[in-house]
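These protein sequences, in sequence, are chains V and Y.
Position in the first sequence counted from 1, then plus 1, gives you my numbering.
Position in the second sequence counted from 1, then plus 257, gives you my numbering.
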Amino acid sequence: MQTKTTRADFDALVRRAGLTLTEQQIATFHGAFGYIEAMLENIRQPVRGREAEPALTFDPEGFR
Amino acid sequence: MNISASAGAAAFPTIASASADIAAKKLSPVELTTYLLTRIKTVDPVINAFLLVTEERALADARASEARMMSGTRIGPLDGIPIAHKDIYNTAGIRTTAHSRQLEHNVPTQDATSVAKLAAAGTIMLGKLATHEFAFGGPSFDLPWPPARNPWNPLHFTAGSSSGTGAAVAAGLILGGTGSDTGGSIRGPAALCGIAGIKPTYGRISRAGILPLAYTLDHSGPMAWTVQDCALMLQAMAGYDAADPAVSSKPVPDFSAALGKGVKGLKIGLIRHFHETDNPVSPATLKGINDAADLFRSMGAEIRDITLSPMQDYGACGFLIMIQEAYALHEKWMQTSFEKYGELLRDRMGLAAFLTGADYMQAIRKRRELCLEMAAAMADVDIFLTASQPMEAPLIDAVPKWAAFEKPNFTMPFNVTGYPAISICSGYGAGDLPVSIQLIAKPFEETKLFGVADAYEKATDWRSRRPAM
C-alpha cells in the first residue's frame, strides 16, 4: 500500500506526536500509513453536510 | 468420580454435564479441579494458554463448593465449575498483566465486576490466561510470556486476543473462560480453536475492572465448548453495574429459555457478499456457511439474502475508532516507554499518533450511518449469518504484521453496531483444523441467538471431537 503523505510531512506528524523513534521505526510507520490513508478516505464517504444529524451527543443527566 | 462418565460424547465434561453431575453428587468439584490442575501441568507447556495458575485459590474454591454440594446449599449451575480469566480481567491480589511488560508486576486490589459475579456464582478460578498484549497486539514473541498456541495443532495460530481462553477451553483445561471483544477478540479465537464464544450486546456486561482497549467498542463475554455453556456463563456475568457508565439497566432474561426450541418460523439473513466477495473465505468455511443455511431451511427457517455496505466500510470505521481510543489510553506510555511494548502492539496502535480529532469524528459520523443501515436491514429479519473467520488457523509464525489492514474482518461490523454475535464450530477443513460460522441478533436478543446457535450445534456432530492432547 503506497503512502501518499511525504516522508517530510510524516516527520512533522512524528514531532507533533511527541514520540521518540528510531529512523527504522519512523520508516515502518510511514510505510504502513498508506493503509490508514485509505481508511480515512473511506470514512469520509459519502460526503456529509454540516447539518447532518450529530453522531456524538451526551446526556447531561447521564454522567454518573 | 469418573471424569469420562461426566463427559458424554466428548472427551471432557461440559459446564452443563459437570453441573448436572455435581448436582447429583456424582462429581466432586475437588476431584474435578485436581484433575484439571494435573492436566494443565502436562498440556499447557505445549499451548501456553496460562500466564498464571492459581492452584491454592482453585483448591480453596473447590473445597468450598464441595461443602455446599454436600450440605445441599449449592448456589446454582456454575457452582463447582472450573474456569479461568483472560489476563485483562482484574483479580484482587492476583497478578493481572495484560500480557505486557508494562504491567508485568501489576497486582490489582479489586476484582473486575465479572470476576466477582462469577465467583459469587460458585465458579472455581484456575488462573489467568494469555491474551494478545493489551487485547490488541500478537501473536508476539517479544513479550515476557510466549503466545498461546492452537490445541488442534500447536504450530498454528489461535487468533486473538482472547487466545489463552480459546486454547484452554479447546484443550480441556477449563470448562469455560472469560474473553473480551473489541474487533473480534472472542469470536476469532472461538472460531480458530473450534469452540463457542459470544460477544453480547454492547452494555450487556459490565466492563468495570477489565483493562480497556477502546471504550466504545469493548465488550466482554464468555467462551466455552458449547452454546449452552456460554448461556450459563452469560447468565452470571450480565446485568447493571453502576461502575460502568455504558452498561444497560435492562432486565437480564433467561438466556437458556430458547435452547432446544428450534428455528421454525425464524427469518435468517445471509450476508453473502461479506464472505463471497468482500473477503472470500476458504472452501471449508464456505461449505460450513452454506450447509448451515440449508440446515436452518430444512428446520423451518426462511433464508434471505441481505446486502449491507461493503465489509471494508465497517472495517475502516471500526479500526480507526479502535486505534484512536486505544492510543488515547496509552499515549503517555507510548511517549515515555515505547520500547516496553511488543513490536506488534506499538506498531499497529502507534499509527493513531498521527491522526487528528477530525479523523476520529468522521469515523464516529460514519458509524452512525452504518448503525442505521444495519438496523434497517435487520428490521424484518431475526438473525444474520456469515463467516466468523476467513479460513482455518494459519501457522503462528506466519501471521503478517499488517494482515488486519489488508482485508476486512468479519467480526468488526458487529462491534461497530454493538449487536450480539456468536461464533460456533461448523466443521473441519484444511489440516483438520476447525472452521466456523457467525450468527448475529438484534440488540439484547441474546436468548434468540443462543436458541438458533444451539439448534445448529445439536443438529450437527462437530462437538463430538476434541483436540488429541
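Using N, Cα and C, we set each Cβ at its ideal position, and we do this for glycine too.
- Counting only Cβ-Cβ distances below 9 Å, V/Phe-59 has no contacts in chain Y at all, with the closest Cβ about 11 Å away.
- Secondary structure at V/Ile-44: helix, using DSSP grouped into helix, strand and coil.
- Runs of beta strand (DSSP E) with 3 or more residues, each lying fully within the region 351-400 of chain Y, are found at 381-386, listed in chain order.
- For Y/Ser-693, the enclosing beta strand (DSSP E) starts and ends at 691-698.
- Against chain Y, the CB of V/Ile-27 has no partner CB under 8 Å away; the residue lies outside that interface.
- Within 10 angstroms of the beta-carbon of Y/Thr-435 lie 16 or more other beta-carbons, which makes it buried.
- Closest by C-alpha distance to Y/Ser-418, out of Y/Arg-723, Y/Lys-715, Y/Ile-431, Y/Ala-661, is Y/Ala-661.
- Scanning its chain for C-beta atoms nearer than 6 Å, with the 5 sequence neighbours on each side dropped, one finds around Y/Ala-620 the residues Cys-574, Leu-577, Ile-578, in chain order.
- Looking at the backbone, the Cα of Y/Ser-371 and that of Y/Thr-380 are separated by about 12 Å.
- Excluding sequence positions up to five before and after Y/Asp-301, its CB lies within less than 6 Å of the CB of Phe-307, all in the same chain and listed in chain order.
- Under the Cβ criterion of 8 Å, V/Thr-21 is counted among the residues facing chain Y.
- For the region 620-636 of chain Y, the residues whose beta carbon sits under 7 Å from a beta carbon of chain V are, in order, Ala-620, Ile-621, Arg-622, Lys-623, Arg-624, Arg-625.
- Listed along chain V, no residue sits closer than 8 Å to Y/Trp-590 by beta-carbon distance, the nearest being about 11 Å off.
- Check the Cα spacing between Y/Ile-452 and each of Y/Leu-468, Y/Ser-594, Y/Thr-415: the tightest is with Y/Thr-415.
- At least one C-beta of chain Y is nearer than 8 Å to the C-beta of V/Ala-56.
- Selection Y/Leu-690, Y/Phe-701, Y/Gly-686 evaluated against Y/Gly-675 yields Y/Phe-701 as nearest (Cα-Cα).
- Contact annotation: the region 49-56 of chain V does not touch the region 23-39 of chain V, with fewer than three C-beta pairs closer than 8 Å.
- Only those residues of the region 670-688 of chain Y whose C-beta falls short of 7 Å from the nearest C-beta of chain V would be listed, and there are none.
- Looking at the backbone, the Cα of Y/Asp-278 and that of V/Glu-42 are separated by about 57 Å.
- DSSP places Y/Ile-455 inside the beta strand (DSSP E), whose first and last residues are 453-456.
- With respect to Y/Ala-558, Y/Leu-523 sits close: the two C-beta atoms are nearer than 8 Å.
- In the structure shown, V/Glu-38 falls within a helical segment according to DSSP collapsed to helix, strand and coil.
- The three-state secondary structure of Y/Arg-561, taken from DSSP, is strand.
- For Y/Met-618, the neighbours in chain V by C-beta distance under 9 Å run, in chain order, Ala-56, Leu-57.
- Beyond the five residues adjoining it in sequence on each side, Y/Gly-607 comes within less than 7 Å, by CB distance, of Met-591 in the same chain, given in chain order.
- In this structure Y/Pro-670 does not touch Y/Thr-542 by the C-beta definition: roughly 17 Å separates them, more than the 8 Å allowed.
- The Cβ atoms of Y/Gly-466 and Y/Ala-369 lie closer than 8 Å to each other.
- For Y/Gly-607, the C-beta contacts it makes with chain V under 8 Å involve Leu-20, Phe-30, in order along the chain.
- For the C-beta of V/Ala-9, not a single chain Y residue is nearer than 8 Å; the gap to the nearest is close to 14 Å.
- Between Y/Gly-440 and Y/Leu-468, the gap from beta carbon to beta carbon reaches 8 Å or more.
- Taking the C-beta atoms as reference points, Y/Phe-393 is found no nearer than 8 Å to Y/Leu-652.
- Residues of chain V with a Cβ closer than 7 Å to the Cβ of Y/Cys-574 are, in chain order, Ile-44.
- Between the alpha carbons of Y/Lys-623 and Y/Ala-632 lies a distance of about 14 Å.
- For the region 545-575 of chain Y, the set of residues with a beta-carbon nearer than 7 Å to any beta-carbon of chain V comprises Gln-569, Asp-570, Ala-573, Cys-574, in chain order.
- Against chain Y, the CB of V/Arg-49 has a partner CB under 8 Å away; the residue lies at that interface.
- By the C-beta density criterion, Y/Ala-376 is buried, having at least 16 other C-beta atoms within 10 angstroms.
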